[in-house]
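One structure below.
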Amino acid sequence: IIYVNVENISESDETVETGDDIVNNSNNSNKNKLANFDEVHSVNEEYEDYSLYSTNISLWPNILKDSFREYFILNPPKQNMDRIENSKKFLYGNWRSLNASHFYYTSKNQQKINRQWLVYSEECAKLFCYVCKLFNSNDKRQLCQSGLDDWVHISKRLAEHENSMEHRNAVCTLSIRASTLKRIDQEIVLQHNKEVEYWRNVLKRVIEAIKFISIRGLPFFGDDEKLNSDHNGNFLGILELISKFDPFLENHLSQFGNKGSGNVNYISSFTTRQIVDQMASKVLNHIVTEIKKVKYFGLIVDSTPDIAHVDQLSYILRYVNEEGEVLERFIKFQNIYSHTAKSLTTHIVSLLKELEISINNCIGQSYDNASNMSGKYSGLQAQIKQLSPKAEYVPCAAHSLNLVGISAVESCIEAVNYFGVVQSLYVFFSSSPRRWDLLKEQLKCNKTPLTLKSTSNTRWSADANAVKALRLGYNEILTALSNIYSDDNQNLTTQYEAKTLYTKLQQKETGIMTIIWHEILQRINKVSMDIQVSTTNLSSIVPLYTSLIAFINDVRNNFQNYEKESINLNVLPDYTSKRKKQHSRSKCLDDPNNPGISLSAKENFIYNTHYVLCDKLITELRKRNNAYEELEKKFGFLFKDLDRSEIQKCSKNILDTYSDDLDSDNFECELIQFQELKKSFLGNKFFQDPHYCLKYIRKMNMRHTFPNLDIILQIYLSMPCTNCSSERSFSVLKRIKNRMRSTLTQEKLDSLSLLAINHDVTKQLSFEDVIAEFAKKKRKKCPQSL
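So this is what it looks like as structure tokens:
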């Protein structure tokens, strides 16, 4: 009978479902031990944390409170049968110890039944009967008081104890009181679970609203935090909108909204900020965990002043995830007060140390071409390379292309004047709505889709759009200018400006430069757009630069075609430049007396404008391309069809650099075998793309076949080629920290920026654990009546 009672107690424990926060098994964690006990007593009652006694029964007090008994009736202490290693003792001339089999009673039919009343104390290496400790405190036997450690007679003592009348009475008492308490507790637990589920549903809606707002970089709150106010901001406004179609949220807002401080509703600005911080922390942990898992990463940093004139340094890490996808992830903004290479290096090292990411795994770095960043001997790239010799520096390809265009424009006065005319046209028409409407009417009649655009000192895509608009609407713009300067209703200043611009556009040179610059800038802009993609690698940059050089060389050699094309524009048939006499060269001993060559207006334009521009572009592109070609030669052989001897020769340089990462005995063999594998896919040019090769190896589960090739491809793709991701983070910075939120703290800025810039991660992650963690940290008293 006694074993039936003990067994019934166990069954009762297992059949009561008490939710996520309540566990009744003896192997439950200490974390949830107080769940039921908490609900039995008043919410505001102060009580001792009895869960501390769950693993060490030897610490139980001699005089037990009723609350103590109630807790362990519902939460039996751990038996600790897996912690009996320290029970070994020297008894009666031999070493004796407790055995796990002693925790079980074997019946006559050989059925093993767990002695759930038996508990081992690891601290004092003794056995106790916790049931008798609770309800038979007057019993002087060792199992009930000081503990039993007589391992020689252990089986006899246990049998005597479990068959004693005192133990049986204690077990019956436990069974009766457990049944009564659990009936009461079940009702409390059901109510508790109902409340927990309610607030979880509230938090789910709150988090979805936070995700929606933060991903878009929008502000959360307005002038007040009152529901149904027109000035309560985006967060409360979105909740109000959802509540119109969600009865649950509508009921919550009507019942708990606008109750003021001290009342729980989870929609206050204070609570929202805490949830945002935890969501951002989870996003950052996800990114850092991915980087640690794949090991190799590239470093991108850049800085810009924010609206409060604080210099913000943006950190971007580039890596290849387990699926072979190239990712560039924003980490944080940091306000800095010095742009020296030493100061920036200190900040970078400190951040990586904080994230527990080894700088030795940095295999690439990309910054703009400023001297403090790109300096060969004392720049940031040089200092990072001292800390991580494998961190190859790659100048930002997009920034380099920008510098090429700037240097070409500054190479001759005619180019500077031309872009001055383009900007003047935009300023003239855009400064007056009436003139802008006149221009739009002209463009509309001829179905020209583009209006005039402004130029930019830094963004050549803006210049490309401005020149394109002028090229497509050239004749219509001339007509609009003619109508304005011929209109006597216009004031004299407007008429004069229109006449001046009309005269400049009528020049043949302006027409030809518009055609040439349109073609060049469109190609530069297309190349720049391709380069700015976050997955860009060196294998695409070098061909793009090389092809652009060839294109501009073709433009240089085909001036006659552009001259003929200018006939379609309403420009003057002759060049307006005066005949010019070239300066004679310095006379050497073998030079004849040469007074100089007289050039026609056309020849002067070709030699002193067209050739100068094209030659400057070609020279600058070749100089910039040299930096990328050196690295491409080092890795480019991986994607070419080479014979065995060439592979051996090229792979030696790779092995010298990455000797700690690659197996020199197998690397060459893997390359040779992969060459043969590529040949089996005849005509498949995708194998010339390193990104495709890596994804193919991982998708086809060939990493174990080509482990070294997989590593070198991962290293190659982890090298950043541009710092465009930093530039894109500045756009988010300007949205988040705008003039209305110029006092935003650095912590809030980082949290909101993490969620907005890494928006795909924010969408992908589940924040159920954030809900649980948030509820655990808050521990607020929620309303008891729902």
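Take 1 as the starting number for the sequence shown in UniProt numbering and just add one per residue.
All C-beta atoms in this analysis are idealised placements derived from N, C-alpha and C, irrespective of residue type, glycine included.
Treat the numbers as computed from the prediction; the structure is a model and nothing was measured.
Query - Contact belief for V770 with Q278 at Cβ below 8 Å, rounded distance in angstroms - result: 5 Å
Query raised in the report: Below 8 Å, can you find three or more Cβ-Cβ pairs linking the stretch 121-141 to the stretch 165-175?
Result: Result yes; three or more Cβ-Cβ pairs closer than 8 Å.
Report task. Could you spell out the range, first to last residue, of the beta strand (DSSP E) harbouring R329? Result -> V326 to I336
Query - Cross-strand partners of Q312 (DSSP beta bridge) - result: T304 and N335
Query raised in the report: Do F687 and S539 have their C-beta atoms within less than 8 Å of each other?
Result: no
Query raised in the report: Which term fits E162, buried or exposed, when burial requires 16 or more other beta carbons within 10 angstroms of its beta carbon?
Result: Buried is the call here.
Query raised in the report: Skipping 5 residues on each side, what residues in its chain have a beta carbon closer than 8 Å to that of L733?
Result: Closer than 8 Å at the Cβ level, and outside the excluded window around L733, lie T304, D306, Q312, S314, F333, L749 and S753.
Requested in this report: Spatial neighbours of I515 within its chain, please: CB distance less than 7 Å, with the 5 preceding and 5 following residues excluded, ordered by chain position.
Outcome: Excluding sequence neighbours, I515 sits near R471, Y562, E565 and S566.
Query raised in the report: Who are the Cβ neighbours of R69 in its own chain at under 7 Å, not counting the five residues just before and after it?
Result: L134
Query raised in the report: Between Q675 and the rest of its own chain, which residues show a CB-CB distance below 8 Å, the 5 nearest in sequence each way excluded?
Result: The residues are D641, L642 and I647.
Query raised in the report: So, E629 versus V527, is the Cβ gap smaller than 8 Å?
Result: No, Cβ-Cβ distance for E629 and V527 is not below 8 Å.
Query raised in the report: Could you give the residue range of the beta strand (DSSP E) that holds Q365?
Result: C362 to S366
Requested in this report: Tell me the start and end of each unbroken beta strand (DSSP E) in the stretch 90-152 that is at least 3 residues and wholly inside, in chain order.
Outcome: With a minimum length of 3 residues, the continuous beta strand (DSSP E) runs that stay inside the stretch 90-152 are 94-96, 104-106, 112-114, 118-121 and 126-129.
Query raised in the report: Are the beta-carbon atoms belonging to P247 and G233 less than 8 Å from one another?
Result: No, the pair does not count as a contact, with Cβ atoms beyond the cut-off.
Report task. Thinking K468 and Q522 are a contact (beta carbons under 8 Å), I'd like their distance in whole angstroms, please. Result -> Yes, they are in contact, since the Cβ atoms of K468 and Q522 sit about 7 Å apart, within 8 Å.
Query - Of the listed residues D150, D656 and A280, nearest to I210 (C-alpha basis) - result: A280
Query raised in the report: What distance in whole Å lies between the Cβ atoms of R318 and G298, which are believed to be in contact at a cut-off of 8 Å?
Result: Between R318 and G298 the Cβ distance is about 4 Å, and since that is below 8 Å, they are a contact.
**Report entry** Check whether N251 and L227 have beta carbons under 8 Å apart
**Finding:** The Cβ atoms of N251 and L227 lie no closer than 8 Å to each other.
**Report entry** Three-pair Cβ contact test at 8 Å for the stretch 479-495 versus the stretch 386-403
**Finding:** no
Requested in this report: Taking Y575 and K508 to be in contact with their CB atoms under 8 Å, please state how far apart those CB atoms are, rounded to whole angstroms.
Outcome: 5 Å
Query raised in the report: At which residues does the alpha helix (DSSP H) containing G420 begin and terminate?
Result: I413 to S430
Query - Beta-bridge partners of L317, as assigned by DSSP - result: Secondary-structure assignment with DSSP links L317 through a beta bridge to L299 and R329.
Query raised in the report: Exposed or buried, V555, counting other C-beta atoms within 10 Å across all chains shown (16 or more means buried)?
Result: buried
Report task. Kindly identify the DSSP beta-bridge partner or partners of E392. Result -> G364
Query - Euclidean distance between Cα positions of E122 and K293 - result: Each residue's Cα considered, the two are about 38 Å apart.
Report task. Kindly indicate the opening and closing residues of the alpha helix (DSSP H) around Q532. Result -> No alpha helix (DSSP H) holds Q532; DSSP gives it neither H nor E.
Requested in this report: Compute the Euclidean distance between the alpha carbons of N265 and D230, then round it to the nearest angstrom.
Outcome: 20 Å
Query raised in the report: With respect to the alpha helix (DSSP H) encompassing Q79, which residues constitute its N-terminal and C-terminal limits?
Result: Here Q79 belongs to no alpha helix (DSSP H), and DSSP marks it neither H nor E.
Requested in this report: Measure the C-alpha to C-alpha separation of D139 and E166 and round it to an integer number of angstroms.
Outcome: 8 Å
Report task. Report the rounded CA-to-CA distance for G222 versus R739, giving the unit in angstroms. Result -> 14 Å
Query raised in the report: Alpha carbon to alpha carbon, how far is V422 from I213?
Result: 39 Å
Requested in this report: Give me the Cα-Cα distance between A466 and F419, rounded to the nearest whole angstrom.
Outcome: 9 Å
**Report entry** Whole-angstrom distance between P433 and I406, CA atom to CA atom
**Finding:** 32 Å
Requested in this report: Confirm, please, whether the CB-CB distance from V416 to V427 is below 8 Å.
Outcome: no
Requested in this report: Return helix, strand or coil for C721, following the three-state DSSP convention.
Outcome: coil
**Report entry** Residue closest to N625, alpha-carbon to alpha-carbon, out of K156, Y337, L744 and V404
**Finding:** N625 has its Cα closest to that of V404, out of K156, Y337, L744 and V404.
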